[in-house]
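Peer 1:
There are 2 protein chains.
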Amino acid sequence: MNLILLSPTDFAPGSLSSNSPLPSNTPEPAPIIARLEDRRFQHIAEVHRAQVGDTMKVGLINGDIGDGEVIERGERHITLKVSLHRSPPPGLPLTLLLALPRPKMLKRTIQHATALGVKKLYLINAYRVEKSYWQSPWLAEDKLREQCLLGLEQAVDTAMPQIELRKRFKPFVEDELPELARDSLKLVAHPVTTSACPIDIQQQTTLAVGPEGGFIPYEVEKLQEAGFESVHLGPRILRVETALPVLLSRLFPAS
Amino acid sequence: MNLILLSPTDFAPGSLSSNSPLPSNTPEPAPIIARLEDRRFQHIAEVHRAQVGDTMKVGLINGDIGDGEVIERGERHITLKVSLHRSPPPGLPLTLLLALPRPKMLKRTIQHATALGVKKLYLINAYRVEKSYWQSPWLAEDKLREQCLLGLEQAVDTAMPQIELRKRFKPFVEDELPELARDSLKLVAHPVTTSACPIDIQQQTTLAVGPEGGFIPYEVEKLQEAGFESVHLGPRILRVETALPVLLSRLFPAS
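Protein sequence lines correspond, in order, to chains A and B. Count along the first sequence starting at 1, add 369, and that's the number in my numbering. Count along the second sequence starting at 1, add 369, and that's the number in my numbering.
1) Report the partner residues of residue 496 (chain B) according to the DSSP bridge assignment.
2) In the DSSP assignment, what residue or residues form a beta bridge with residue 441 (chain B)?
3) In this structure, what does DSSP give as the bridge partners for residue 593 (chain A)?
4) What does residue 424 (chain A) reach in chain B if we use C-beta pairs closer than 7 Å?
5) Does any C-beta atom of chain B lie closer than 8 Å to the C-beta of residue 608 (chain A)?
6) Please list the terminal residues of the continuous beta strand (DSSP E) segment that includes residue 553 (chain A).
7) For residue 481 (chain B), which beta-bridge partners are listed by DSSP?
8) Could you give the first and the last residue of the continuous beta strand (DSSP E) run that contains residue 486 (chain A)?
9) Distance, Cα to Cα, residue 568 (chain B) vs residue 603 (chain B)?
10) Which value, in whole angstroms, describes the spacing of the CA atoms of residue 370 (chain A) and residue 594 (chain B)?
11) Residues of chain B with CB closer than 8 Å to the CB of residue 611 (chain A), please, in chain order.
12) In terms of residue numbering, what span does the alpha helix (DSSP H) encompassing residue 615 (chain A) cover?
13) Can you give me the Cβ contacts of residue 616 (chain B) inside the same chain, cut-off strictly under 8 Å, excluding the 5 residues immediately before and after it?
14) Below 8 Å CB to CB, which residues in the same chain sit around residue 423 (chain A) once its five sequence neighbours on both sides are set aside?
15) In terms of alpha-carbon separation, which member of B:584, B:479 and B:549 lies closest to residue 562 (chain B)?
16) Out of A:586, A:431, A:464 and A:548, point me to the one whose CA is closest to residue 525 (chain A)'s CA.
17) Thinking C-beta only, is residue 374 (chain B) closer than 8 Å to residue 403 (chain B)?
18) For residue 572 (chain B) and residue 532 (chain A), what's the separation of their Cα atoms in angstroms?
19) Helix, strand or coil: how does DSSP classify residue 537 (chain A) here?
20) Consider the Cβ of residue 387 (chain A): report whether some Cβ of chain B lies at a distance smaller than 8 Å.
21) In terms of residues, what are the limits of the beta strand (DSSP E) holding residue 461 (chain B)?
22) Give the interface partners of residue 420 (chain A) over in chain B, defined as CB-CB distance under 9 Å, in chain order.
23) I'd like to know if residue 501 (chain B) contacts chain A, where contact means its C-beta is closer than 8 Å to some C-beta of that chain.
24) Is it buried or exposed, residue 389 (chain A), if we count other Cβ atoms within 10 angstroms and call 16 or more buried?
25) When you compare the CB of residue 570 (chain A) with every CB in chain B, is at least one pair closer than 8 Å?
26) Using only the alpha-carbon positions, how far apart do residue 442 (chain B) and residue 379 (chain B) sit?
27) By Cβ distance below 6 Å, which residues in the same chain neighbour residue 480 (chain B) in space, the five residues on each side in sequence not counted?
28) From the DSSP output, read off the bridge partner residues of residue 468 (chain A).
29) DSSP has residue 658 (chain B) in a bridge; who is on the other side?
30) Does residue 431 (chain A) get closer than 8 Å to chain B when you measure Cβ to Cβ?
31) Any beta carbon of chain B sitting closer than 8 Å to that of residue 618 (chain A)?
32) Considering only DSSP beta bridges, list what residue 520 (chain A) is partnered with.
33) Determine, using beta carbons only, whether residue 525 (chain B) comes closer than 8 Å to chain A.
34) Check whether the Cβ of residue 458 (chain A) lies closer than 8 Å to any Cβ atom in chain B.
35) According to the neighbour-count rule (16 or more other Cβ atoms, all chains shown, within 10 Å of its Cβ), is residue 589 (chain A) buried or exposed?
36) Count the CB pairs spanning the region 548 to 558 of chain B and the region 492 to 512 of chain B that are closer than 8 Å, and state whether there are at least three.
Right, here's the structure in full:
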C-alpha cells in the first residue's frame with residue numbers, strides 16, 4: 370500500500386463535497402478531515418506504525434493525490450488531516466480487451482493491469498476461455514473493485530479503471546467493437562505473425578489479448594475483419610500475466 | 370507446458386550420450402527414444418490426451434528443440450521418438466541482480482524471469498530484504514530448478530538459467546560485482562531518478578532490481594560507485610513481478 374486511498378464517505382460531513390472534490394478557486398487547498406476504521410486503519414497502525422504528527426501519501430479515489438497527517442489515533446480508528454495537491458499519473462491511452470483469465474489469474478491480472486495504468490478493460494469471452502470461469506465470484510463488481518484498489522494503492526494512482534464483461538465474443542466483436550475501437554490503433558497480440566509489437570506509440574490504442582493457448586484462427590480473423598493487426602512479442606510464449614506488462618511497456622513510454 | 374523438457378536420463382541407454390546431445394556430423398538428426406513416467410507423462414496423458422502417432426513439441430534441457438512422437442502409451446509411462454532440430458530462442462544478454470523477493474513472490478519471479486529469457490540471475494541481499502526470506506525452502510537448488518523448468522516449459526526454451534545466492538550485499542558489490550559487470554551496461558532500477566529506462570539496447574547489461582520498498586540510499590550509492598546508473602520506469606510504483614517484465618521488455622527487443 371504505497372498510497373492510502375480515500376473515498377468521499379471517509380470524510381467528515383461538510384469537509385468534502387463529492388461533487389467538487391477540491392475547491393478550485395483557492396490557491397492552497399483547504400485541509401479536509403478523514404476518519405478511517407477499516408484495513409487502511411490497520412495498515413497505518415501496523416505497517417506505517419504512524420503516530421500523531423506523522424504524514425503519509427493519500428489520494429482521493431478518482432481525485433487528486435497529497436498528504437495525510439495523523440491528527441488523532443484511537444484504538445480502532447485514525448483521523449487524518451488531508452491536503453490534496455497533485456494529479457494522479459496519466460492513464461494509458463488504451464482500451465484493453467482481455468480474454469477472461471482463469472480465476473486464479475484473474476485477481477493478479479486485474480491488479481497488474483490497474484497498476485500499469487489501464488483505465489478501460491473489457492473482459493471478453495473466447496473459445497479457449499472455459500465456461501466455468503464466468504461463474505467466478507471474483508467477477509462480482511465489488512470483488513473487481515477490490516483488486517483495482519490494490520492496483521491503485523500499489524502504483525500510487527487514484528483513477529479507477531472501468532471494467533466491462535462481455536460473455537459473447539461474436540456479438541461483441543461485430544456489433545460493439547467497431548464503435549469502441551473507432552479511430553484507434555487496433556492490435557491483437559498473436560504469436561503467429563510477422564509484425565513485432567510496435568514501441569512507444571503515442572496513439573489511442575485498442576489491444577486484444579487472448580486466453581492461455583491464444584485466440585483460435587476464427588477469432589483472429591474476426592478481429593482482423595474489425596481492423597485489428599496481429600503483433601507478436603518474439604518466440605517466447607508468455608503467460609497472460611507476463612505478456613500484459615511486456616505488451617503495455619513496449620507500446621507506451623513510461624510517462 | 371508448451372514444451373515437454375527432456376533430460377539425458379529420460380533417454381534409452383545408448384540413444385543419447387550426455388556428452389554429445391546431438392550427433393553433429395549427420396545432416397538429419399538421428400531419432401532418439403525417451404521414456405517418461407513423471408508429471409510429464411501425466412501432462413501428456415491428461416492435457417494433450419496424446420495417442421500413439423501424435424506428436425508434440427519437446428526439447429532437451431540445455432539442448433535443441435524438436436518433436437516427440439508418441440510410439441507407445443502405457444498405464445504409467447509414455448515412450449516418445451524424439452527428433453531435435455532447432456535451437457532454443459536466444460537468452461537475454463543480461464546478468465540480473467535481484468534483491469531476494471518474499472517467498473510467496475520468489476517462485477513466480479523465478480518463473481517469470483526464466484520465461485522472459487534471463488540466463489544469469491543473482492539473488493542478493495538488501496536492507497529491505499527480511500532476514501527470514503533467506504530461510505525459505507524454495508531457495509534449495511532443486512526447488513529453484515523446478516521453477517526454472519516451469520518457466521522454460523512456458524516459454525518454449527531449453528537453456529537453464531544459472532542462479533546464484535549472495536547473502537551479503539556489501540562484499541558482493543565491492544568484491545565480486547566489478548568483475549561480474551565488467552564491460553557491461555550497468556543499470557539499477559530506482560524510482561527516484563531523472564533518467565528513464567533505455568529502450569532496445571543491444572549491449573550486454575547488468576541490471577540491479579531492489580526489493581519491495583526499493584534499495585536504500587546507501588545501497589544505491591554503493592551501486593553507483595560500482596558504475597551503475599539509476600533508471601526509472603515512470604511515476605508508477607510496480608511490484609517486482611510487474612517491474613521485471615516491464616524492465617526486460619523495454620531494455621531488449623523481442624528477438
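Think of the CB as a built atom: it goes at the ideal place given N, C-alpha and C, for glycine as much as any other residue.
Peer 2: Walking through what the data contain:
1) Answer by DSSP bridge pairing: none, since residue 496 (chain B) is not bridged.
2) Looking at the DSSP assignment, residue 441 (chain B) forms a beta bridge with B:448.
3) Paired residues: none, contrary to the question.
4) Those do not exist, as residue 424 (chain A) stays about 18 Å from chain B at its closest Cβ, beyond 7 Å.
5) Answer yes: the Cβ-Cβ gap between residue 608 (chain A) and chain B drops below 8 Å somewhere.
6) Unbroken run through residue 553 (chain A): none, as it is neither H nor E.
7) Per DSSP, none; premise fails for residue 481 (chain B).
8) Note, residue 486 (chain A): premise wrong, no beta strand (DSSP E); not H, not E.
9) Residue 603 (chain B) has its alpha-carbon roughly 13 Å from the corresponding atom of residue 568 (chain B).
10) When rounded, the distance between both Cα atoms is 31 Å.
11) Residues of chain B passing the Cβ test: 481, 484, 485 and 614.
12) Where residue 615 (chain A) is concerned, the enclosing alpha helix (DSSP H) stretches over 609 to 620.
13) If we look at residue 616 (chain B) and ignore the five residues flanking it on each side, its Cβ neighbours are 558, 566, 576, 578 and 602.
14) The residues are 417, 438 and 439.
15) Checked all of B:584, B:479 and B:549; the closest Cα to residue 562 (chain B) is B:584.
16) Closest option to residue 525 (chain A), Cα to Cα, is A:431.
17) It is not a contact, given that the beta carbons lie outside the stated cut-off.
18) Distance between the alpha carbons of residue 572 (chain B) and residue 532 (chain A) is about 40 Å.
19) Coil, per DSSP.
20) Confidence at residue 387 (chain A) is low in this model, with a pLDDT of 44, below 50, so its placement is unreliable and the value that follows should be read with caution. Output row for residue 387 (chain A): interface = no.
21) Taken as a continuous stretch (DSSP letters only), residue 461 (chain B) belongs to no beta strand (DSSP E), as it is neither H nor E.
22) Per Cβ cutoff of 9 Å: no residues; residue 420 (chain A) is ~20 Å from chain B at best.
23) Not one chain A Cβ lies under 8 Å of residue 501 (chain B).
24) With a pLDDT of 48 at residue 389 (chain A), under the threshold of 50, the modelled position of this residue cannot be trusted, and the question is left open.
25) No, its Cβ sits nowhere closer than 8 Å to a Cβ of chain B.
26) Using only the alpha carbons, I get a separation of about 15 Å.
27) Taken in chain order, the residues that qualify are 516, 519 and 520.
28) A:493, per the DSSP bridge assignment.
29) Nothing in the structure corresponds to residue 658 (chain B), since chain B is present only between 370 and 624.
30) No - not a single Cβ of chain B is within 8 Å of the one on residue 431 (chain A).
31) Output row for residue 618 (chain A): interface = yes.
32) Per DSSP, none; premise fails for residue 520 (chain A).
33) Flagged as an interface residue toward chain A: residue 525 (chain B), by a C-beta distance shorter than 8 Å.
34) Residue contact with chain B for residue 458 (chain A): present (Cβ-Cβ distance below 8 Å to some residue of chain B).
35) With 16 or more other Cβ atoms within 10 Å, it is buried.
36) As far as the Cβ criterion goes, the region 548 to 558 of chain B does not touch the region 492 to 512 of chain B, which means the pair count is below three.
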